[in-house]
């Protein structure tokens, strides 16, 4: 599919404004901590959520608000996850109420999210105090999307936005998104938080199916540290003002939308992996020749998640044995006798294993490949048609530094 | 059960001699790399192995040698895992042959093991050249056990030995063991390599059952980094010369033996966790009040394995949210609403969570507890009688250092 990449993030699609401010949840003055996306009119909306049994209060509230498939705003704070607190649901509801009063929307049309430390009370006061400035500053300009994208960051080292245009029956349809990732990234879900806007006109039930399909192919294949957050959520609002014929059933137009959405989310998923806590390298693991896709996925996940593979990637060490080891303990029924492995980057590709036996490769050639910022491990199981890809990153001193000293 | 702890490791039980030398597999001159345990006579023997689908050539050979339930020697090199090499089985067989010629034992009575880097050819020459000195130096003295325990170490920072005496119908029965651990530690199996000797008189089929039971309660509950090695093995040889009435069926005497064996292996399992690669702290996670033992085990594993919990333990950070998060993504069917958590060490115990809500505890008190070298996290699920324990360690800069730079 041909897509046109454009600027503007969550403000790229028609019908949306955004803003982000520092309201005071975080102590550091410069760091924005409250983000808002506001639609001009109520939208078809959907979300997918963490599968962690312990989930944040905002998840409870958002799930309730989206039962009617409609939303008009996304409100998200960083610096505190509002999770495992006695008053969590009350606080989340009060946040929605504060936005409703100030922006003139229904509280039940608010998608609410929080990210940051778990188990510490989230003070309502700075959010309520900051609301007028947050709402007053909303704009459809890229600057609004930028401010919002910055306000949801936690240990992310850079904001993560994307936007693209696809054609549906000759009508341009725009999909934009912002997300945050970094730590606690694992299927399912990977992204912690992603907010998507589109001017597509699509029924909310189909929107939910499209979102589930696209997330499964993208964010759910990102692994940073194997932990699955309590607050992960991907939400989408569709303003319906693109002018394309409304999608009310599955068919070619629905498929086009899913494809465009998947392309947008894959770009963000790779950014999440690349910006994993402490990461210096993006690791892509491709598995082919597996008995089936599910097994390929399990193998790709096992290799991408292995701390020993991740530290080897950090050290630019072509440690084939660790890759074979991580394949070998992946769940599933598969044969390991004909495994072939190559390592690759923009500096070239090098076969390092055939028929499960490590080849006598040039260490110098391997080092040249592994010193690059984007590393690919290609695995061919040589026994079927199953294939899958997972994205991850290396495990570094900085990961330990960030997480040994996060709360303080 | 009352046990008497004694010195002597694998030489403590009657009927065994041991030695360890530097033969030249490793480049560093001082580091021993070849270990031998030799029984005076053929023993009842058993072993349990890694469940990794990619497993080392020594596993293939040992499995074949133990089909008759008999063995007389354990031969183990460090510095090279002899795994994923084209000639691996030939090399492992040649090692057994070399020992057989020199020591006058049957090659098929040799338990063979290798540990170290995967996927690099293991040179036979230094092993064959070193064999006369290895065999000539065997001794039943503790020095022999010490030399053998040192020769199986890889990134272990200290050797790991234990020995104890139990009473079976008034007759003293000794169980001794050495093991190596450090990286790649995860259920199932945890230990990489453990060699056990006993002078108990017990049928080899029962010996295997006893070993499986004891390993399941000990080594299989240790988690260092979630990776499961290709070469893990726990073997046991029983010389039968204690003079106690031979155990030929399950009953009180068999139960006594299993209990003694479990106590010995638990001590080593804790040492493996404490000496996890780069570890500065031993982490024990106790789960009670779970719907059943299996669920308790899954929860204990999830918390012990979480990189975010491990880095928090390293940073002495009472990050309750990360513990709750790791409980929440454990597999199984359980309720999370009534979780209570306390943290403990020899400096005291502090409740930090009740009914899934983080308590307002003293950060100073938490820090005092978490600064200690042995940390305990007690989790009460408050919904049943299931209980389990897992042992692990913190995740540190040193782990990254060791594994980012292991092969070179």
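Protein chains in written order, with our numbering: chain A, 1181 to 1588; chain B, 1181 to 1588.
Each residue gets a CB set at the ideal place from its N, CA and C atoms; glycine is no exception.
Just to confirm, are residue i and residue j a CB contact at a threshold of 8 Å?
| i | j | result |
| --- | --- | --- |
| residue 1462 of chain B | residue 1553 of chain B | yes |
| residue 1506 of chain A | residue 1489 of chain A | yes |
| residue 1516 of chain B | residue 1402 of chain A | no |
| residue 1578 of chain A | residue 1458 of chain A | yes |
| residue 1323 of chain A | residue 1465 of chain A | no |
| residue 1199 of chain B | residue 1284 of chain B | no |
| residue 1440 of chain B | residue 1181 of chain B | yes |
| residue 1400 of chain A | residue 1239 of chain A | no |
| residue 1528 of chain B | residue 1557 of chain B | no |
| residue 1272 of chain A | residue 1537 of chain B | no |
| residue 1155 of chain B | residue 1261 of chain B | The shown model of chain B, from 1181 to 1588, leaves out residue 1155 of chain B, and the question about it has no answer. |
Straight-line CA distance for residue i to residue j?
| i | j | result |
| --- | --- | --- |
| residue 1546 of chain A | residue 1530 of chain A | 7 Å |
| residue 1501 of chain A | residue 1582 of chain B | 16 Å |
| residue 1380 of chain A | residue 1215 of chain A | 23 Å |
| residue 1543 of chain A | residue 1498 of chain A | 8 Å |
| residue 1518 of chain A | residue 1534 of chain A | 7 Å |
| residue 1503 of chain B | residue 1286 of chain A | 36 Å |
| residue 1308 of chain B | residue 1325 of chain B | 21 Å |
| residue 1361 of chain A | residue 1508 of chain A | 29 Å |
| residue 1438 of chain A | residue 1422 of chain A | 16 Å |
| residue 1254 of chain B | residue 1219 of chain B | 9 Å |
| residue 1451 of chain A | residue 1333 of chain B | 40 Å |
| residue 1480 of chain A | residue 1413 of chain A | 23 Å |
| residue 1384 of chain A | residue 1492 of chain B | 41 Å |
| residue 1418 of chain B | residue 1580 of chain A | 44 Å |
Run through chain D and tell me which residues come within less than 7 Å of residue i, C-beta to C-beta.
| i | result |
| --- | --- |
| residue 1491 of chain B | Absence of chain D from the displayed structure is noted, the protein chains being A and B. |
Is the shortest distance between the beta-carbon of residue i and the beta-carbons of chain A less than 8 Å?
| i | result |
| --- | --- |
| residue 1516 of chain B | yes |
| residue 1392 of chain B | no |
| residue 1337 of chain B | no |
| residue 1256 of chain B | no |
| residue 1234 of chain B | yes |
| residue 1575 of chain B | yes |
| residue 1443 of chain B | no |
| residue 1328 of chain B | no |
| residue 1456 of chain B | no |
| residue 1477 of chain B | no |
| residue 1399 of chain B | no |
| residue 1507 of chain B | yes |
| residue 1373 of chain B | no |
| residue 1502 of chain B | yes |
| residue 1541 of chain B | no |
| residue 1438 of chain B | no |
How would you call residue i, buried or exposed, if buried means at least 16 neighbouring beta carbons within 10 angstroms?
| i | result |
| --- | --- |
| residue 1258 of chain B | buried |
| residue 1202 of chain A | buried |
| residue 1378 of chain A | buried |
| residue 1157 of chain A | Residue 1157 of chain A is absent from the model: chain A starts at 1181 and stops at 1588. |
| residue 1237 of chain A | buried |
| residue 1221 of chain B | exposed |
| residue 1592 of chain B | What the structure shows of chain B is the stretch from 1181 to 1588, and residue 1592 of chain B is not part of that stretch, so it cannot be assessed. |
| residue 1208 of chain B | exposed |
| residue 1338 of chain A | exposed |
| residue 1540 of chain B | exposed |
| residue 1155 of chain A | In the structure as shown, chain A begins at 1181 and stops at 1588. Residue 1155 of chain A is therefore absent and cannot be evaluated. |
| residue 1474 of chain B | exposed |
| residue 1349 of chain A | exposed |
| residue 1330 of chain B | buried |
| residue 1409 of chain A | buried |
With 8 Å set as the bound, which would you pick, yes or no: does the beta-carbon of residue i sit closer than that to a beta-carbon of chain B?
| i | result |
| --- | --- |
| residue 1228 of chain A | no |
| residue 1269 of chain A | no |
| residue 1536 of chain A | yes |
| residue 1265 of chain A | yes |
| residue 1469 of chain A | no |
| residue 1409 of chain A | yes |
| residue 1572 of chain A | no |
| residue 1557 of chain A | no |
Margin query: Check whether the stretch 1439 to 1455 of chain A and the stretch 1281 to 1299 of chain A are in contact - that is, three or more C-beta pairs closer than 8 Å.
Written below: no
Determine, using beta-carbon pairs with one atom in the stretch 1376 to 1394 of chain B and one in the stretch 1224 to 1238 of chain B, whether at least three such pairs fall under 8 Å. yes
*Answer yes if the stretch 1348 to 1355 of chain A comes into contact with the stretch 1185 to 1199 of chain A, meaning at least three C-beta pairs across the two stretches below 8 Å, and no otherwise.*
yes
Segment contact, 8 Å Cβ cut-off, at least three pairs: the stretch 1557 to 1566 of chain A with the stretch 1469 to 1477 of chain A: Contact holds: three or more Cβ-Cβ distances are below 8 Å.
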